[in-house]
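Protein chains: 2
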Amino acid sequence: MKLTKDLVAASAAPLVLTILAESESYGYAIVKRVDELSDGEIAWTDGFLYPLLHRLEDSGQIASRWGVAETGRRRRYYAITDSGRGELAAHQAQWRTVVATLRTAWAGSGAALRVGVTSRIAVSSRIAVSSRVAADWRLA
Amino acid sequence: MKLTKDLVAASAAPLVLTILAESESYGYAIVKRVDELSDGEIAWTDGFLYPLLHRLEDSGQIASRWGVAETGRRRRYYAITDSGRGELAAHQAQWRTVVATLRTAWAGSGAALRVGVTSRIAVSSRIAVSSRVAADWRLA
DNA sequence: CCTCTATGCCTTGCAGTTCTAGGTATGGAA
DNA sequence: TTCCATACCTAGAACTGCAAGGCATAGAGG
Chain U
93 MKLTKDLVAA SAAPLVLTIL AESESYGYAI VKRVDELSDG EIAWTDGFLY PLLHRLEDSG
153 QIASRWGVAE TGRRRRYYAI TDSGRGELAA HQAQWRTVVA TLRTAWAGSG AALRVGVTSR
213 IAVSSRIAVS SRVAADWRLA
Chain P
93 MKLTKDLVAA SAAPLVLTIL AESESYGYAI VKRVDELSDG EIAWTDGFLY PLLHRLEDSG
153 QIASRWGVAE TGRRRRYYAI TDSGRGELAA HQAQWRTVVA TLRTAWAGSG AALRVGVTSR
213 IAVSSRIAVS SRVAADWRLA
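Residue numbers (my numbering), protein chains in the order written: chain U, 93 to 232; chain P, 93 to 232.
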């Protein structure tokens, strides 16, 4: 699926900060990680990521150090800063706001997708409880 | 809360299409509706909306007609087209993809927010089943 | 030893977009 | 008469993003 560039742009910084909040990482690996997390749907080029990393570093949200991989290659490792953690929290709040708005708007009618997980616990030999946690996305 | 312009840009077209999918509307009212839907968090200026409407019309996703309100004012009413409905569905699929990715990434640890609804049904005088449908947002 | 692939990092320029700041007009209320 | 809310529109300065290029090397396979 082709994603609009606006959506890619909007999710870029939050994704990078999230990945670096997990653990220190470097450019090439971040691209791979995003590919993984998105199941191949979000495909960044390195030419997209590097300038973003530089911008985030310039604004103090992440910090870098040069290192050498076990393989002998040189890598620039990035780590999130406290300021970056704050920004990440702000991004999350903003996404919640916008997603809540879209969800409200889309709550019109006609279910488009339901994603969920069902679990089942036997209370006794004759009675079981089935629980489902689900998110509904509806078409207007 | 201040929203990043990327996030505003990414949600703009989907929001307009969604609103017009509900019913025909016009510029001024769309701005108000977005304010309403977002609980005041998404504040568009008219200078932001009009060019967007023109772009959507140019690309055939919406169509306009001039009309006169009960109040006597002239208004340009917009309606969604079939092509627009298709685009809207595409936007929804894209948002699902990106939101799913972010949710996966944020599923690390430390619950940040849980929103949900709980319902309870008595199966008999001694047994009740409580169900909860919830969405979890976690900080990494 | 040579070549190819994967890994790894970086920058520039110009085509494109975008929002700020401005303009126009009018119904109704004070 | 004035002011506010309603209602629409656009020019162009300012920004920006990304395609395309460049550089370097480890390891595999021949």
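Where a beta carbon is used, it is the ideal one built from N, C-alpha and C, also for glycine.
For R166(P), the three-state DSSP class (helix, strand or coil): Here residue 166(P) refers to the residue found at position 74 of the second sequence. Looking at R166(P) - three-state DSSP - the assignment turns out to be strand.
Rounded C-alpha distance that separates R166(P) from H183(U): Here residue 166(P) refers to the residue found at position 74 of the second sequence. Here residue 183(U) refers to the residue found at position 91 of the first sequence. Rounded to whole angstroms, R166(P) to H183(U) spans 40 Å at the Cα level.
is_contact[A204(U), chain P] using C-beta, thresh 9 Å: The residue you call residue 204(U) lines up with position 112 of the first sequence. Caution applies to A204(U), whose pLDDT of 48 falls short of 50 and renders its modelled position unreliable; the value that the coordinates give is listed next. Chain P, which has a Cβ nearer than 9 Å to the Cβ of A204(U), makes this yes.
Cβ contact (3+ pairs, closer than 8 Å) linking the stretch 190-200 of chain U and the stretch 148-161 of chain U: no
Segment contact flag, the stretch 162-178 of chain U with the stretch 132-141 of chain U, C-beta cutoff 8 Å, min 3 pairs: no
Endpoints, the alpha helix (DSSP H) within which G119(P) is located: The count along the second sequence starts at 1 and reaches residue 119(P) at position 27. Start and end: 119-129.
Validate contact between the stretch 117-125 of chain U and the stretch 151-170 of chain U using beta carbons, cut 8 Å, 3 pairs: yes
C-beta neighbour in chain U for E133(P), strict 9 Å: Taking the first residue of the second sequence as 1, we reach residue 133(P) at position 41. Yes, contact with chain U.
Euclidean distance between Cα positions of A161(P) and A155(P): Here residue 161(P) refers to the residue found at position 69 of the second sequence. Here residue 155(P) refers to the residue found at position 63 of the second sequence. If I take the Cα positions, the gap works out to 18 Å.
Chain-ordered neighbours of P106(P) on chain U, where CB pairs are closer than 7 Å: As a first step, residue 106(P) must be located in the second sequence, where it is residue number 14. Under the 7 Å cutoff, chain U gives L194.
Proximal residues to E133(P) (C-beta, below 8 Å), its chain only, five neighbours per side dropped: Along the second sequence, read from residue 1 onward, the residue named residue 133(P) stands at position 41. Result list for E133(P): M93, L95, in chain order.
Pair within 9 Å by beta-carbon distance, A113(U) and L180(U): What you label residue 113(U) is simply residue 21 of the first sequence in a count that begins at 1. What you label residue 180(U) is simply residue 88 of the first sequence in a count that begins at 1. Cβ distance < 9 Å, so A113(U) and L180(U) count as in contact.
Minimum C-alpha distance to P106(P) - residue among K124(P), L144(P), T163(P): Reading the second sequence from its first residue, position 14 is the one you call residue 106(P). Of the listed residues, the one whose Cα sits closest to P106(P) is L144(P).
Inter-residue spacing [alpha-carbon to alpha-carbon] between A121(P) and V108(P): The count along the second sequence starts at 1 and reaches residue 121(P) at position 29. The count along the second sequence starts at 1 and reaches residue 108(P) at position 16. Straight-line Cα distance between these residues: approximately 11 Å.
D131(U) beta carbon less than 9 Å from that of A102(P): Position 10 of the second sequence, counting from 1, holds the residue named residue 102(P). Position 39 of the first sequence, counting from 1, holds the residue named residue 131(U). In this structure, D131(U) does not lie closer than 9 Å to A102(P) by Cβ.
W229(P) (DSSP reduced to helix, strand or coil): Looking up residue 229(P) in the second sequence gives position 137. Note on W229(P): pLDDT 46, under 50, position unreliable in the model; no value is reported.
Cutoff 9 Å: D138(U) Cβ touching any chain P Cβ: Taking the first sequence and counting its residues from 1, the one referred to as residue 138(U) is at position 46. No, because no Cβ of chain P sits closer than 9 Å to the Cβ of D138(U).
Same chain, Cβ closer than 7 Å to V123(P), five either side skipped, listed in chain order: As a position in the second sequence, residue 123(P) is number 31, starting the count at 1. Here the set comprises W136, D138, L141.
Cβ-based contacts, 8 Å cut-off: residues of the stretch 168-181 of chain P near chain U: L180, A181
Expected contact under 8 Å - CB spacing of V191(P) and V191(U) to nearest Å: Against the second sequence, residue 191(P) aligns to sequence position 99. Against the first sequence, residue 191(U) aligns to sequence position 99. About 6 Å; that satisfies the 8 Å criterion.
Where W187(U) falls: helix, strand or coil (DSSP): Position 95 of the first sequence, counting from 1, holds the residue named residue 187(U). Reduced to three states, the DSSP call for W187(U) is helix.
Per-residue DSSP class, three states only, for S151(P): Counting from 1 along the second sequence, the entry for residue 151(P) is found at position 59. In this structure, S151(P) counts as coil in the three-state DSSP scheme.
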